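One structure is given here, and the rest of the page talks about it.
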Amino acid sequence: MKTALRNASLLVLTLLACVPAQPDPTTLVDLRVLGMSFEPPEIMIPCDARLLLGLASAGADGGTITLDPALQAQLAAFASKPLQFTTLIADPAGKGRQLAYDALACAKTSDRACDNPGEFVSLKTGQTSAGELAMQVTPGAQFLASGDPLLLDVVVDDTFKGLGGIRLPVVLDLQALDKTEHIYAQKLMVYSCRFFPSQKVNVTPVLPGMTWNGEDWPEGEVKQASGTTAVPMLPVDFSMLEEDYVVPSIMLTPVALHEAWKINWLTTMGVMSSYETGGTDFSGGVGAHTNSWKPDPTATTEQDVTFTFVVRDGRGGESWLTRTAHWKP
Amino acid sequence: MWVQVTVALCAPGAAWAFDETTSEVRRTTVDAGVHVPVLTKAPALLEFAKAVYPADAQAQGLTSAVKLLVTILPDGSVGEVSVREPVGNGFDEAAIEALHRFRFSPAELDNVPAAVQIEYVYHFVLDVPVDAGPGDAGAEPVDAGPPPNDATIIGTVIARGSRKRVPAAIAQCDNWPDLATTSDEQGKFVLNVPSGDCALRIAATDFMLYQTKQTLEHGETKEVNYFLIPKVAGYQTVVRGERDKQEVVRRSFSREEVSRIPGTFGDPIRVIQNFPGVARAPFGLGQLIVRGANPSQTLTYFDGVQIPLLFHLGGGPSIVNADFLDRVDFFPGGFGARYGRAVGGVVDVASRRGASDTWHGAAKVDLLDSSIFFEAPLAEGVSVAAAARRSYIDALLPAVLPKAFLVLPVYWDYQVRLDVGGKKGEKQSDGSSYSLFAFGSDDTLKLISSVGNRGISLDTHTLFHRIVGTWLMRKGDTTFKLTPYVGYDLASVDFGIAKLNADTWTGGMRADLGVEVSPWLTVRTGADIFDSVLVGSASIPTLDGVQYISFPGADPRTTTQQIAETVNTFDGALYAEADLSVGKLTVTPGLRGSMAFLAGQTRNAWDPRLWARYQFTEATSLKGSLGLYTQPPAATSMLAPPFGTPSLTHERAFQSSLGVAHRFTEFINVDVTGFYNRRYENVSSPGPTVVAADGTVTQYRNANDGLGRAYGVEVLARHEVSKYFFGWIAYTLSRSEQRTAHTSDPYVLSTFDQTHILTLIGSVRLPYGFEIGVRFRYVTGRPKTPLDHQADVFQADDYSYSATFGATRSIRQPDFHQLDVRIDKNFILKNFTLDLYLDIQNVYNQANTEATFYDYRFRTEFNVPGIPFLPVIGLKASF
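Heads up: the protein sequence lines correspond to chains A and B, in order. If you count the first sequence from 1, position 76 lands on 75 in numbering that gives the first Met the number 0, and the numbers rise without skipping. If you count the second sequence from 1, position 765 lands on 764 in numbering that gives the first Met the number 0, and the numbers rise without skipping.
Set out below in structure tokens:
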């Protein structure tokens with residue numbers, strides 16, 4: 000909804016005033032983080048949320064936090080479950096250069112760089128290059144330097160004290176070795192408390208496929224393109240995969256929702272007509288996923304073009320597809 | 000204390016220019032809370048006295064016109080007479096001597112005979128035998144013996160171009176000079192003369208001498224319309240001036256001023272933006288940002304009734320037709336106890352009554368809309384005026400916008416006013432006058448976009464209607480004004496399947512009583528009652544972030560809910576204030592108490608205020624004010640969470656000012672005022688979020704945590720409307736800051752803080768019907784927060800980037816400067832005047848920065864330029 004309104008207002012401003020041309024977000028030209036995912040995307044704890052809230056309030060007040068041993072054991076069992084943390088990195092101008100990374104778990108969502116003293120834990124550091132960076136992490140089992148459980152500090156910092164799920168931020172601090180480019184990319188890991196029996200743990204959304212000009216476009220098939228003719232693209236219907244789910248309202252009553260996936264479209268040459276498709280607007284209307292690729296009219300060199308389609312379910316689940324086409328002038 | 004009333008020559012119902020008068024014409028009319036003497040009856044010449052022609056001048060064949068300033072006493076006799084522009088040769092003395100023998104019908108202010116001053120031009124013309132004309136060369140001179148008045152000329156003297164009737168024009172046959180007569184208020188005269196040739200001469204101040212020959216048969220009666228040509232179609236001001244008032248700063252301007260200022264398209268409200276204390280709104284929008292206050296904290300009244308909507312379509316033309324207004328009063332702060340419900344400033348737009356001489360009208364066409372205005376007398380003392388406007392930009396936009404993007408804005412407005420008594424008619428036995436005024440506005444905006452994957456279909460509809468009655472009664476030194484009103488507002492939004500609708504019925508009343516108890520004590524008191532019932536309904540999805548805690552980037556499908564609310568608002572206020580005069584010092588303590596019932600809750604407020612004025616000389620005064628001001632929160636914002644905050648209370652402000660005003664000449668005056676305002680308990684957003692022990696969460700939308708302060712100096716050097724020129728220099732040096740209470744956050748510059756605001760305006764009337772107006776503005780750039788990009792900050796969950804900024808509003812956008820020019824050409828035809836105008840905004844095409852955008856990663860910023868060189872042509876016909 001916010002995106003739609005922002006786009007509409009930008010469109011109006013563009014028409015009424017002269018907004019200078021901006022770089023197109025669909026075109027990959029330099030170092031970018033294209034996607035981040037946890038597998039599983041959510042860990043649901045069968046706990047009494049009110050107990051957590053009470054603990055959080057005590058912590059916020061500076062009081063002593065005394066965890067019930069049974070709950071402590073239950074939390075530890077779920078929070079220490081290892082997660083597959085994957086980041087998709089694009090670096091088309093980097094030509095395979097090495098990138099330094101530091102995976103950090105933080106106490107505050109607003110700490111985008113995850114560098115508040117005493118409020119973060121380093122999960123893993125190393126070097127990587129463009130492509131998928133995968134690692135196993137257990138952010139929920141981390142303790143801060145103060146000795147406080149990180150997960151609990153996240154609750155303390157949360158305005159809603161975990162009511163919308165304990166959203167533990169994990170930041171990938173990614174930097175070119177020559178320090179010319181630097182990205183902080185944040186992904187929230189969701190630890191939920193089951194308030195209602197109807198609450199189900201989230202499943203990672205996966206696009207079943209993509210079409211190129213109306214034809215199937217299976218993984219590994221290189222489509223051929225030439226000139227400046229726009230090529231329509233449409234994902235294979237995934238509406239059956241969008242899940243019903245339940246969240247607690249602020250008055251602790253169940254709210255029934257249905258996923259409306261969003262797709263972000265990226266290309267290494269030319270532009271996509273839409274950066275993001277799907278979701279709903281203010282009225283609840285669902286956006287379509289039709290899109291098209293417009294080759295760069297100034298390009299003169301025959302080349303492979305890589306497309307990345309990142310899908311999100313709006314609950315923390317995220318995955319991506321990549322496809323390749325070969326373009327001739 | 001004194002009153003200045005100026006009525007220019009061409010004004011309806013007056014053939015003279017009324018100029019400065021002294022305290023003897025002071026009246027305690029209550030209008031807008033201050034004394035506003037209204038000229039309810041112009042003096043009419045009853046007895047004309049012929050001047051003795053200076054012998055030497057006659058011998059030399061000299062003629063002349065002597066401009067005099069004449070004081071007409073309440074009984075119609077002539078008091079002091081002085082020559083304004085001496086011409087010599089004995090004409091001045093002869094004119095003064097003749098004027099002392101004139102007799103007028105008494106002028107009336109507020110229906111009571113009063114002394115006024117007029118400007119009168121006495122024409123000395125050599126009496127010569129009738130020139131029989133080329134065809135009658137050699138005809139016998141007319142016999143100068145006793146005339147047998149056996150023929151009659153019934154004439155109507157009309158101003159060419161405006162069709163306004165010209166009263167007090169002197170009509171005479173040169174060959175029968177002792178038979179002169181004058182036209183009445185309807186411009187009519189009856190001249191009984193001997194049959195035969197009459198060298199008719201019609202003279203009226205500021206009109207070219209009209210001469211013609213009429214040949215009359217024995218017993219013949221001729222009815223003729225005489226169209227007099229204005230010497231110069233100068234600026235006309237109906238009634239204006241500085242009134243007996245307690246406000247430290249009041250900016251008043253007339254219709255003539257507002258309709259000619261470049262860049263405002265004749266919009267009366269936008270003109271206010273050119274006064275000191277008002278910050279420049281971005282993109283030329285009409286928001287009023289007064290002394291650091293939010294636009295919503297400055298209230299606008301139309302004839303004393305608060306209006307919910309100031310501009311069409313949020314920032315388009317104002318809903319007030321410029322032809323319909325009499326004056327606009329603007330109080331940037333320190334306003335009287337009569338006004339309330341505002342912690343910023345107040346704008347009071349006064350409509351005008353219809354013409355009493357004959358029917359008049361105007362039609363205007365420009366790029367956005369067309370409007371029409373009509374006024375006419377219906378009977379003696381009864382007049383009507385009406386105006387309407389309708390846009391047609393919805394028909395033009397599709398031609399210039401892409402097919403995939405359709406914007407259809409439509410707006411219209413109307414005003415109708417009926418007046419009974421109080422002007423030019425029979426004087427009411429109880430000194431009462433009545434009016435009924437209906438006005439309203441309607442905006443619809445349809446936006447359809449098929450750009451991208453998400454079609455946008457948005458329909459909005461906003462309208463309001465008001466009916467306002469007025470009873471004004473004056474008896475002796477007491478004035479009472481009662482203003483009841485009713486209204487209806489509608490606001491609806493259709494966005495896809497979501498629908499929101501709000502119907503609001505309003506009613507209210509103002510009662511204002513003013514009593515001049517003694518020369519040193521004047522008391523004003525009154526009531527101001529407002530009541531409304533809002534019936535709202537909504538069909539909307541479950542609201543993420545409001546009813547449940549949303550996940551970043553989530554826009555899930557959800558069920559649609561039906562919401563219905565009825566919200567009651569009542570605000571009743573009583574006020575009282577008194578002018579206590581001791582010598583040159585006038586002190587006005589005032590108090591306004593209000594009790595409000597807002598969404599079932601009671602809120603009270605007491606606002607003590609104090610004004611003082613020390614009149615050093617007649618031309619110079621020192622003035623100051625202190626006071627508390629309150630503004631109740633909207634009742635809709637006091638609903639139960641999550642839609643409101645029931646604990647909200649009044650926004651409050653302490654306002655103070657100290658200034659000096661000096662009048663240098665009849666037209667030029669300067670006002671310098673310093674101010675310090677502190678606003679507190681202002682409504683801020685969001686409110687607190689409270690987690691209860693049972694885990695439930697209460698989110699409050701707002702809190703009274705807003706703090707603000709503004710201080711500065713305002714200078715207004717003004718050349719008031721003269722015949723050929725008006726203009727002003729407005730300069731504001733100010734600082735406006737804000738912070739949130741109960742935090743350690745320091746004060747930061749407010750969004751619209753502008754250190755220097757300089758506006759130069761001038762409009763000059765030239766020969767051949769040309770008029771040129773210029774407006775130059777220089778304004779310090781608005782504060783902005785610097786971009787401090789060190790690294791991209793990406794959030795994978797909502798697939799967005801965050802900006803890294805430096806200190807909040809620690810730098811500024813580039814300064815703004817712009818020159819606007821307006822050129823008018825008037826074509827004065829027999830029955831109407833055509834005004835063709837060219838209004839050019841941004842003459843030298845300065846690329847001013849109005850907003851800042853960032854690229855999607857917030858690495859670089861892009862400035863959005865404002866309005867480029869923009870010429871607009873319009874046509875207005877008035878008759």
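Built from N, CA and C at the ideal position, the CB exists for glycine as well. Since the structure is predicted, the reported quantities are computational estimates derived from the model, not experimental observations.
Taking only three categories from DSSP, how would you classify B/I260? Here residue 260 of chain B is taken as the residue at index 261 of the second sequence, counted from 1. Three-state result, B/I260: coil.
For A/R314, the three-state DSSP class (helix, strand or coil): Residue 314 of chain A sits at position 315 when you count from the first residue of the first sequence. Coil, per DSSP.
Cross-chain neighbours of A/R111 in chain B, by beta carbon under 7 angstroms: Translated into the one-based positions of the first sequence, residue 111 of chain A becomes position 112. Simply V792 and S801.
Closer than 9 angstroms by beta-carbon distance: list the chain A residues that pair up with B/F226, in chain order. Here the question's residue 226 of chain B lines up with position 227 in the second sequence. Near B/F226 there are no residues of chain A at all, since even the closest Cβ is about 47 angstroms away, more than 9 angstroms.
Identify the continuous alpha helix (DSSP H) that holds B/Q57 and give its terminal residues. One-based indexing of the second sequence puts residue 57 of chain B at position 58. Looking at the DSSP string, the run of the alpha helix (DSSP H) that includes B/Q57 is A54 to Q59.
B/P413 CB to nearest chain A CB: under 7 angstroms? The sequence position of residue 413 of chain B within the second sequence is 414, counting from 1. The amino acid occupying residue 413 of chain B in the given sequence is Tyr; Pro does not appear at that position. False, the Cβ-Cβ gap to chain A never drops below 7 angstroms.
Taking the alpha-carbon of B/A56 as reference, which of B/F90, B/S81 and B/A50 has the nearest alpha-carbon? To locate residue 56 of chain B, count along the second sequence from 1; it is residue 57. Answer by Cα proximity: B/F90.
A/Q97 and A/S128: beta carbons closer than 7 angstroms? Position 98 of the first sequence, counted from the first residue, corresponds to residue 97 of chain A. Position 129 of the first sequence, counted from the first residue, corresponds to residue 128 of chain A. Yes, Cβ-Cβ distance for A/Q97 and A/S128 is below 7 angstroms.
Min CB distance B/D511 to chain A below 7 angstroms: Working through the second sequence from its first residue, we reach residue 511 of chain B at position 512. Judged by the 7 angstroms Cβ criterion, B/D511 is not in contact with chain A.
Whole-angstrom distance between B/V659 and B/F615, CA atom to CA atom: In the second sequence, the residue the question calls residue 615 of chain B occupies position 616. In the second sequence, the residue the question calls residue 659 of chain B occupies position 660. If I take the Cα positions, the gap works out to 10 angstroms.
Please tell me whether B/Q561 has its Cβ less than 7 angstroms away from any Cβ of chain A. Here residue 561 of chain B is taken as the residue at index 562 of the second sequence, counted from 1. No, its Cβ sits nowhere closer than 7 angstroms to a Cβ of chain A.
For A/P328, does the three-state DSSP call read helix, strand or coil? In the first sequence, residue 328 of chain A corresponds to position 329, counting from 1. The answer is coil: DSSP assigns A/P328 none of H, G, I, E or B.
Does the beta carbon of A/T305 come closer than 7 angstroms to any beta carbon on chain B? Here residue 305 of chain A is taken as the residue at index 306 of the first sequence, counted from 1. Chain B, which has no Cβ nearer than 7 angstroms to the Cβ of A/T305, makes this no.
Assuming the contact rule is C-beta atoms closer than 8 angstroms, A/L150 and A/L167 should be a hit. Round their C-beta distance to whole Å, please. Taking the first sequence and counting its residues from 1, the one referred to as residue 150 of chain A is at position 151. Taking the first sequence and counting its residues from 1, the one referred to as residue 167 of chain A is at position 168. That pair is a contact at about 6 angstroms.
For B/P938, which residues in the same chain have their Cβ closer than 7 angstroms to its Cβ, ignoring the five residues on either side in sequence? As shown, chain B starts at 0 and ends at 878. That puts residue 938 of chain B outside it, with no answer to give.
Taking B/F494 as part of the beta strand (DSSP E), name the residues at either end of that continuous run. On the second sequence, residue 494 of chain B is found 495 positions in, with the first residue counted as 1. From DSSP, the beta strand (DSSP E) with B/F494 extends over T477 to F494.
Which partner residues of A/M232 appear in the DSSP bridge assignment? Counting from one through the first sequence, the residue named residue 232 of chain A turns up at place 233. DSSP output for A/M232 lists A/W211 and A/N290 as bridge partner(s).
From which residue to which residue does the beta strand (DSSP E) around B/F188 run? Walking along the second sequence from the start, residue 188 of chain B turns up at place 189. Element bounds for B/F188: K187 to V192.
Against chain A, does B/T688 count as a neighbour if the rule is that its beta carbon must be under 7 angstroms from one of theirs? Looking up residue 688 of chain B in the second sequence gives position 689. Taking Cβ atoms only, chain A reaches closer than 7 angstroms to B/T688, which makes this a yes.
How close, in whole Å, do the beta carbons of B/G218 and B/D322 come, if the pair is a contact with beta carbons under 8 angstroms? In the second sequence, residue 218 of chain B corresponds to position 219, counting from 1. In the second sequence, residue 322 of chain B corresponds to position 323, counting from 1. That pair is no contact at about 46 angstroms.
Comparing the C-beta of A/L132 with each C-beta of chain B, is any distance below 7 angstroms? The sequence position of residue 132 of chain A within the first sequence is 133, counting from 1. No - not a single Cβ of chain B is within 7 angstroms of the one on A/L132.
Strictly under 7 angstroms for the Cβ-Cβ distance: is A/G62 near chain B by that measure? Numbered from its first residue, the first sequence carries residue 62 of chain A at position 63. Because A/G62 sits at a pLDDT of 48, beneath the cut-off of 50, its placement in the model cannot be relied upon, and the following sentence gives the value as read from the coordinates. No, no contact with chain B.
Just to confirm before moving on: does the CB-CB distance between A/T267 and A/V304 stay below 7 angstroms? By 1-based counting over the first sequence, the position of residue 267 of chain A is 268. By 1-based counting over the first sequence, the position of residue 304 of chain A is 305. In this structure, A/V304 lies closer than 7 angstroms to A/T267 by Cβ.
Going by beta-carbon coordinates alone, are B/F494 and B/L542 separated by less than 7 angstroms? Here the question's residue 494 of chain B lines up with position 495 in the second sequence. Here the question's residue 542 of chain B lines up with position 543 in the second sequence. Going by C-beta atoms, B/F494 is not nearer than 7 angstroms to B/L542.
Using a Cβ-Cβ cutoff of 9 angstroms, what residues of the stretch 178-198 of chain A are near chain B? List them in chain order. E180, H181, I182, Y183, A184, Q185, K186, L187, V189 and F194
Against A/A255, what residues of chain B qualify as contacts under a CB-to-CB distance less than 8 angstroms, listed in chain order? Start at 1 with the first residue of the first sequence, and residue 255 of chain A comes out as number 256. Going along chain B in sequence order, the residues near A/A255 (Cβ under 8 angstroms) are T557 and T558.
Counting pairs of beta carbons, one from the stretch 803-822 of chain B and one from the stretch 783-791 of chain B, are three or more of them closer than 8 angstroms? yes
Chain B contact for A/E220 (CB, 7 angstroms cutoff): As a working note, residue 220 of chain A is residue 221 in the first sequence. Cβ-Cβ to chain B under 7 angstroms: no for A/E220.
What runs of the beta strand (DSSP E), each 3 residues or longer, lie entirely inside the stretch 495-573 of chain B? 497-517 and 520-540
Comparing alpha-carbon positions, which option in B/G686, B/H816 and B/G711 lies nearest B/D704? In the second sequence, counting from the first residue as 1, residue 704 of chain B sits at position 705. Nearest option by C-alpha distance: B/G686.
Tell me the rounded alpha-carbon separation between B/T559 and A/A255. Working through the second sequence from its first residue, we reach residue 559 of chain B at position 560. Working through the first sequence from its first residue, we reach residue 255 of chain A at position 256. So the alpha carbons of these two residues sit roughly 11 angstroms apart.
Which residues does DSSP list as the beta-bridge partners of B/T578? In the second sequence, the residue the question calls residue 578 of chain B occupies position 579. Note on residue identity: the sequence assigns Asp, not Thr, to residue 578 of chain B. BP columns for B/D578 point to B/T521.
Rounding to the nearest angstrom, what Cα-Cα distance links B/T155 and B/E107 in this structure? What you label residue 155 of chain B is simply residue 156 of the second sequence in a count that begins at 1. What you label residue 107 of chain B is simply residue 108 of the second sequence in a count that begins at 1. Cα to Cα, the separation comes out at about 24 angstroms.
Rounded to whole angstroms, what is the Cα-Cα separation between A/A20 and A/Q185? Translated into the one-based positions of the first sequence, residue 20 of chain A becomes position 21. Translated into the one-based positions of the first sequence, residue 185 of chain A becomes position 186. Distance between the alpha carbons of A/A20 and A/Q185 is about 28 angstroms.
Looking at the C-beta of B/Y547, does it have a partner C-beta in chain A at a distance below 7 angstroms? Here residue 547 of chain B refers to the residue found at position 548 of the second sequence. Yes, B/Y547 counts as interfacial toward chain A.
Just the Cα atoms here: how many angstroms apart are B/T635 and B/G643? Translated into the one-based positions of the second sequence, residue 635 of chain B becomes position 636. Translated into the one-based positions of the second sequence, residue 643 of chain B becomes position 644. The straight-line gap from Cα to Cα measures roughly 7 angstroms.
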